[in-house]
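Q: Dropping the structure in here first, questions after.
Chains as they are written, first to last, in my numbering: chain A, 14 to 199; chain B, 21 to 508.
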């Protein structure tokens, strides 16, 4: 069996207010590779952690635009190009047809939403590095309470400021309980 | 400032006390802890299957079996086994399609529109109503699929490159319907699943058996609740809510275009899109309450999360949308009978109200316009039995509305020589009963295996979730002095 490697040091908190104030202190100490785990999103936590706005919205916009252009291509290429059908006497050639797009709007609209929704869902999952079915944090038995009523602040070893003793001391100082070393396997 | 009694605590924070009559009711009663919420939501999926569940399952699942049996019968014998014929081509099956798709809309309204408008009371009811949306859309999708007659050619509805070089007519509202309903279903599944991920992680973390750990574990995609994840999660949820809102409005608008873009008197009207959307929300909320009130009775612990206040608010939405629907009925009559000066429009509505199907029209008016008016009274909105009975009237009324719009119009259009009666065949009647069996069976299975209440969102609206809450000050919001003074 390979040797254990330290992944991170974690501490437990009992309330949203406690971890919020602890996060502000860890942020001010200059750490970068750390995270606050909680059973629900804590209001204002992004600011307390010094995180910038999520740019998922830009990705979703690109997906929505792709959906719109797909819809536009689908309706125009088929209706003006490869399979024109005369309906209501509407033009079936490109130059006139492109000016009578109102009829095609619903299809483009729905495809915009469809593509954007796929982008939002899978963009979020992939952006978060998921699916990831195993993670060193799951080795920490207390961590199972993260989806219940406990809050965990975890500082990873890959952080440039990480030092075993200092990081442990900081986590104790900011009010963390059960300060624990988390290894990458049992 | 006068309305508020302000106290300054020792650390210079102004604590605002709301006068009692303006105090909002708590979203979770009895000041429950986070752990209490976890336990009481998860226990529904974790405990031994209760006897009532098996009894309900054994009653409704055979009814659900009617659907494949009767659709098999229809496919093998042809569409003629349904009672519809010229001129009554869209009878029970399109009525039922519109009925079921409308029910779905309440789920999306609760999950998306109430989210965007920051209605925090939605948190305890959104999961169940989104599940209801999915099952209702499944029931709905069945009807147009089989109404095409040759169901094995239903793939012609989708733009699939084919050997014949045929493409769809994108100018047809029926094709818009295909895109709208399939997008609606897909986006509803995605939205529902994104909302489920943190709660699946909760069940994973509590699971004792290997099968549950694997099952919930895979579904939860390894969710760890880190704030770096929540950050993108909340953005994704907000965007999905923002996308679902125009989507849900477009779906029933497009369903109404099926009628409104035709030139049949009684259908050819611009009032349809808003009228259909309001009706869909109205009927959908009635169905949410129809499912949630018995669920509350069977699991009394959820009473603290889905309180009387929630039922009260849903009843208010039923009252509001019911009144919009009532206004639309009257406006439609006014347009057709007074304003249009159009002979056939006049006759279509005259026949609706007094013709062959007059009792359907009366039932629609009574159930949809008169019944919800009892919700003007707070005592009625807070009486579960009254609310449940009123919702059954609304459920029935919304079905009558769709039948009145579709049926009476087709029965008597232009020339009396081409008028025609319609009676549903036994196949149609039992297929419709079967869809209810499917709907309830699917909901029972959902309740058993997935958390019916969105635990993480309910936790987020409890007072202890607020990181700025001062434990000494209890429930009151403490604000810095400047902010408090500038606000008044």
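Built from N, CA and C at the ideal position, the CB exists for glycine as well.
Give the range of the alpha helix (DSSP H) segment to which residue 138/A is assigned.
A: Residue 138/A -> alpha helix (DSSP H) spans 118 to 140.
Q: Helix, strand or coil for residue 7/A? Go by DSSP, reduced to three states.
A: No information on residue 7/A is available, as it lies outside the stretch 14 to 199 that chain A covers here.
Q: Output the distance between the C-alpha atoms of residue 92/A and residue 274/B, rounded to the nearest integer angstrom.
A: 20 Å
Q: So, does the CB of residue 42/A fall closer than 8 Å to a CB anywhere in chain B?
A: no
Q: DSSP three-state call for residue 435/B: helix, strand or coil?
A: coil
Q: Taking residue 409/B as the reference, which of 419/B, 256/B, 392/B, 241/B has the closest Cα?
A: 392/B
Q: Counting only beta-carbon atoms, is residue 246/B nearer than 8 Å to chain A?
A: yes
Q: Kindly give me the distance between the Cβ atoms of residue 156/A and residue 146/A, rounded to whole angstroms, as I take these residues to be in contact under 8 Å.
A: Residue 156/A to residue 146/A, Cβ: 15 Å. No contact.
Q: Using a threshold of 8 Å, state whether the C-beta atoms of residue 151/B and residue 212/B are closer than that.
A: In contact: residue 151/B and residue 212/B (Cβ atoms closer than 8 Å).
Q: Whose CA, out of 205/B, 164/B, 242/B, 92/B, lies closest to the CA of residue 152/A?
A: 242/B
Q: If you pair each beta-carbon of the segment 99 to 108 of chain B with each one of the segment 122 to 142 of chain B, do three or more pairs fall below 8 Å?
A: Taking 8 Å as the limit for Cβ pairs, the verdict is that the segment 122 to 142 of chain B does not touch the segment 99 to 108 of chain B.
Q: In the DSSP assignment, find the alpha helix (DSSP H) that holds residue 177/A and state where it starts and stops.
A: 177 to 186 is the extent of the alpha helix (DSSP H) around residue 177/A.
Q: Is the separation between the beta-carbon of residue 130/B and that of residue 167/B shorter than 8 Å?
A: no
Q: Measure from the C-beta of residue 123/A to each C-beta in chain B and report whether the shortest distance is under 8 Å.
A: yes
Q: Report the rounded CA-to-CA distance for residue 70/B versus residue 81/B, giving the unit in angstroms.
A: 16 Å
Q: At a Cβ threshold of 8 Å, is residue 191/A touching chain B?
A: no
Q: Does the segment 354 to 364 of chain B come close enough to the segment 294 to 308 of chain B that 3 or more CB-CB pairs lie under 8 Å?
A: no
Q: Shortest alpha-carbon distance to residue 59/A belongs to which of 154/A, 48/A, 121/A?
A: It is 48/A whose Cα lies nearest to the Cα of residue 59/A.
Q: Checking the sheet assignment: what are the DSSP bridge partners for residue 345/B?
A: Beta-bridge pairing links residue 345/B to no other residue.
Q: Buried or exposed: which applies to residue 93/B, given that a residue is buried once 16 or more other Cβ atoms fall within 10 Å of its Cβ?
A: By the neighbour-count rule (16 or more Cβ atoms within 10 Å), residue 93/B is not buried but exposed.
Q: Helix, strand or coil, according to DSSP, for residue 49/A in the structure here?
A: Looking at residue 49/A - three-state DSSP - the assignment turns out to be strand.
Q: Tell me which same chain residues have a C-beta within less than 8 Å of the C-beta of residue 432/B, skipping the five on either side of it?
A: 367, 368, 371, 375, 376, 439
Q: Which residues of the segment 45 to 63 of chain A have a Cβ closer than 7 Å to any Cβ of chain B? Give them in chain order.
A: 48, 49, 50, 51, 52, 53, 54, 55, 56, 57, 58, 59, 62
Q: Measure the C-alpha to C-alpha separation of residue 270/B and residue 32/A and round it to an integer number of angstroms.
A: Taken atom to atom, the span from the alpha-carbon of residue 270/B to that of residue 32/A is near 43 Å.
Q: Applying a beta-carbon distance threshold of less than 7 Å, which residues of chain A neighbour residue 233/B?
A: From the beta-carbon of residue 233/B, no residue of chain A is found nearer than 7 Å; the closest lies around 11 Å away.
Q: What are the uninterrupted segments assigned as alpha helix (DSSP H) that are 4 or more residues long and contained completely in the segment 44 to 115 of chain A, given in chain order?
A: With a minimum length of 4 residues, the continuous alpha helix (DSSP H) runs that stay inside the segment 44 to 115 of chain A are 58 to 62, 69 to 89, 107 to 110.
Q: Give the straight-line distance between the Cα atoms of residue 450/B and residue 144/B, rounded to the nearest whole angstrom.
A: 34 Å
Q: Leaving out the 5 sequence neighbours to the left and right, which residues in its chain are closer than 6 Å to residue 328/B when beta-carbon positions are compared?
A: Residues 402 of the same chain have their beta carbon placed closer than 6 Å to that of residue 328/B, with the five preceding and five following residues left out of the count.
Q: What three-state label does DSSP hand residue 16/A in the structure shown?
A: coil
Q: If we define contact as Cβ-Cβ less than 8 Å, is residue 161/A a contact residue for chain B?
A: yes
Q: Report the three-state DSSP secondary structure of residue 286/B (helix, strand or coil).
A: coil
Q: Is the CB of residue 497/B under 8 Å away from at least one CB in chain A?
A: In this prediction, residue 497/B scores a pLDDT of 43, lower than 50, which makes its location untrustworthy; the coordinate-derived value is nonetheless stated afterwards. Output row for residue 497/B: interface = no.
Q: Which residue's Cα is closest to the Cα of residue 79/A: 94/A, 173/A, 90/A, 129/A?
A: 129/A
Q: In or out: residue 507/B buried (at least 16 other Cβ within 10 Å) or exposed?
A: With a pLDDT of only 39 at residue 507/B, under 50, the local geometry of the prediction cannot be trusted, and the value read off the model is given with reservation. By the neighbour-count rule (16 or more Cβ atoms within 10 Å), residue 507/B is not buried but exposed.
Q: Would you kindly check if the distance between the Cβ of residue 485/B and the Cβ of residue 53/A is under 8 Å?
A: yes
Q: Using a beta-carbon distance below 8 Å, is residue 155/A in contact with chain B?
A: no
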